[in-house]
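No gaps in the numbering here: position 127 of the sequence shown is 127 in UniProt numbering, and each next residue is one more.
Everything below concerns the one structure shown next.
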Amino acid sequence: MSSETQQPETPPNFWGDMPEEEYYASQGVTTTQSYFETPNGKLFTQGFLPLDKKVKATVYMTHGYGSDTGWLFQKICISFANWGYAVFAADLLGHGRSDGIRCYMGDMDKIAATSLSFFKHERFSEPYKGLPAFLFGESMGGLTTMLMYFQSEPNMWTGLIFSAPLFVIPEAMKPSKVHLFMYGLLFGLADTWAAMPDNKMVGKAIKDPEKLKIIASNPRRYTGKPRVGTMREIARMCQYIQDNFSKVTAPFLTVHGTADGVTCPTSSQLLFEKASSEDKSLKMYEGMYHSLIQGEPDENANLVLKDMRGWIDERVERYGSKKSDD
1 MSSETQQPET PPNFWGDMPE EEYYASQGVT TTQSYFETPN GKLFTQGFLP
51 LDKKVKATVY MTHGYGSDTG WLFQKICISF ANWGYAVFAA DLLGHGRSDG
101 IRCYMGDMDK IAATSLSFFK HERFSEPYKG LPAFLFGESM GGLTTMLMYF
151 QSEPNMWTGL IFSAPLFVIP EAMKPSKVHL FMYGLLFGLA DTWAAMPDNK
201 MVGKAIKDPE KLKIIASNPR RYTGKPRVGT MREIARMCQY IQDNFSKVTA
251 PFLTVHGTAD GVTCPTSSQL LFEKASSEDK SLKMYEGMYH SLIQGEPDEN
301 ANLVLKDMRG WIDERVERYG SKKSDD
């Protein structure tokens, strides 16, 4: 008989072994899970609907680097559904249960367009096409969300919400130009190599130690080193977004913690300063880390959610459905 201590099995969900249908009902939502076929591969998608409220608008959510739409990220989806919103989310290509090389993002335009194809499918489906519609992006999902916005027809989206978006990379997190140059000499052969320095992002993102344990236990979270092509593409796209801030005209809310060590708070500040939107809002949270909703103590996360709810509820009241059929 082995003397080694067996490690406990990871539960299928962050809440433990309770059946999914029972858990979601206890949270006041119903859910759907399905795969969406695209020319670039299958996307794993989820929908969250309020159990006992009329749907007043739709929200399309995108997660961050190495994450997925399950585990703790879905708590954001559940919160919005509780407020009366139909929420749809998709694992990005290369993430979670979607197709693709794990955490390889050599073409972020394609990755954004693939998720956007699912969002548009829901956006213009019969139950929702007459309702206001919002895009939501967290961290690198904020960068991807901005690309989706630029790829969309004018006035398709009633508004945008960004949580600690990645538009400016902190100096400590920037990929080494020497590494990128050396790997570039291999004419793309190294693009998918997981060979870039790992800056231990999770520890810099999560303040609450118990939530850090939960997030670290996500069996679908990418834990390898960043891939060469991913880091090069993120750096390129951050510069592209910065160069095009002035093209943003939709109403938006962007929020950031002042102690964010993963994405620069400057990301939100520059967007707010340079965007052409007439209706734009910026919230900075003193001392908060990167993961404002999933990783902060409950009282901090609830403050952020309260601000988001106030903003989106007001925009639904203000704009109604006047932009939804444009």
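For every residue, glycine included, the Cβ atom is placed at its ideal position computed from N, Cα and C.
All values derive from a computational prediction rather than experimental measurement.
Quickly, what does DSSP pair residue i with across the bridge? List them, please.
| i | result |
| --- | --- |
| LEU270 | For LEU270, which the question treats as bridged, DSSP gives no partner whatsoever. |
| ILE76 | None; ILE76 has no bridge partner. |
| LEU49 | THR30 |
| ALA133 | THR58 |
| residue 348 | No statement about residue 348 is possible, as the shown extent of the chain runs from 1 to 326 and does not include it. |
| MET284 | HIS256 |
| TYR128 | TYR128 pairs with nothing; no bridge assigned. |
| TYR289 | DSSP output for TYR289 lists no bridge partner at all. |
Can residue i and residue j be called in contact, C-beta distance under 8 Å?
| i | j | result |
| --- | --- | --- |
| residue 336 | PRO297 | Lying before the first or after the last residue shown, residue 336 is absent from the chain, which here runs from 1 to 326. |
| THR62 | THR144 | yes |
| LYS56 | TYR85 | yes |
| ILE101 | VAL29 | no |
| LEU131 | THR58 | yes |
| GLY229 | TYR104 | yes |
| ALA89 | LEU43 | no |
| ALA250 | GLY159 | yes |
| ILE206 | TYR289 | yes |
| ILE161 | MET308 | yes |
| PRO258 | MET284 | Looking at the sequence itself, residue 258 is Thr, so the reference to Pro does not match. Yes, they are a contact pair. |
For residue i and residue j, which I take to be in contact (beta-carbon distance under 8 Å), what is that distance rounded to the nearest angstrom?
| i | j | result |
| --- | --- | --- |
| LYS280 | PHE252 | 6 Å |
| LEU166 | MET148 | About 14 Å; that fails the 8 Å criterion. |
| LEU282 | THR254 | 6 Å |
| ARG97 | ASP52 | About 29 Å; that fails the 8 Å criterion. |
| GLY142 | LEU212 | In fact, because the Cβ distance is near 21 Å, the residues do not count as touching under 8 Å. |
| PRO50 | ASN82 | 6 Å |
| ARG221 | GLY66 | 6 Å |
| ASP99 | GLY41 | 3 Å |
Please classify residue i as buried or exposed, where buried requires at least 16 other C-beta atoms within 10 Å of its C-beta.
| i | result |
| --- | --- |
| THR45 | buried |
| VAL87 | buried |
| VAL178 | Any reading at VAL178 needs caution, since the residue's pLDDT is 47, under 50, leaving its predicted position unreliable; the model's value is listed next. With fewer than 16 Cβ atoms within 10 Å of its Cβ, VAL178 is classed as exposed. |
| LEU185 | Unreliable positioning characterises LEU185 in this predicted model, as indicated by a pLDDT of 42, which lies under 50. A coordinate reading is not provided. |
| PRO19 | exposed |
| GLY16 | exposed |
| ASN218 | buried |
| PRO197 | Any answer about PRO197 is weak, because its pLDDT of 45 lies below 50 and its placement is not dependable; what the coordinates show is given next. PRO197 comes out exposed. |
| GLU233 | buried |
| GLN74 | buried |
| GLU122 | buried |
| TRP311 | buried |
| GLY287 | exposed |
| ARG236 | exposed |
Just checking: is the beta-carbon of residue i within a distance shorter than 8 Å of some beta-carbon in chain D?
| i | result |
| --- | --- |
| HIS290 | Considering every chain present, this structure includes no chain D. It has just one protein chain. |
*Can we say the segment 255 to 271 touches the segment 155 to 169, given the rule of at least three CB pairs closer than 8 Å?*
yes
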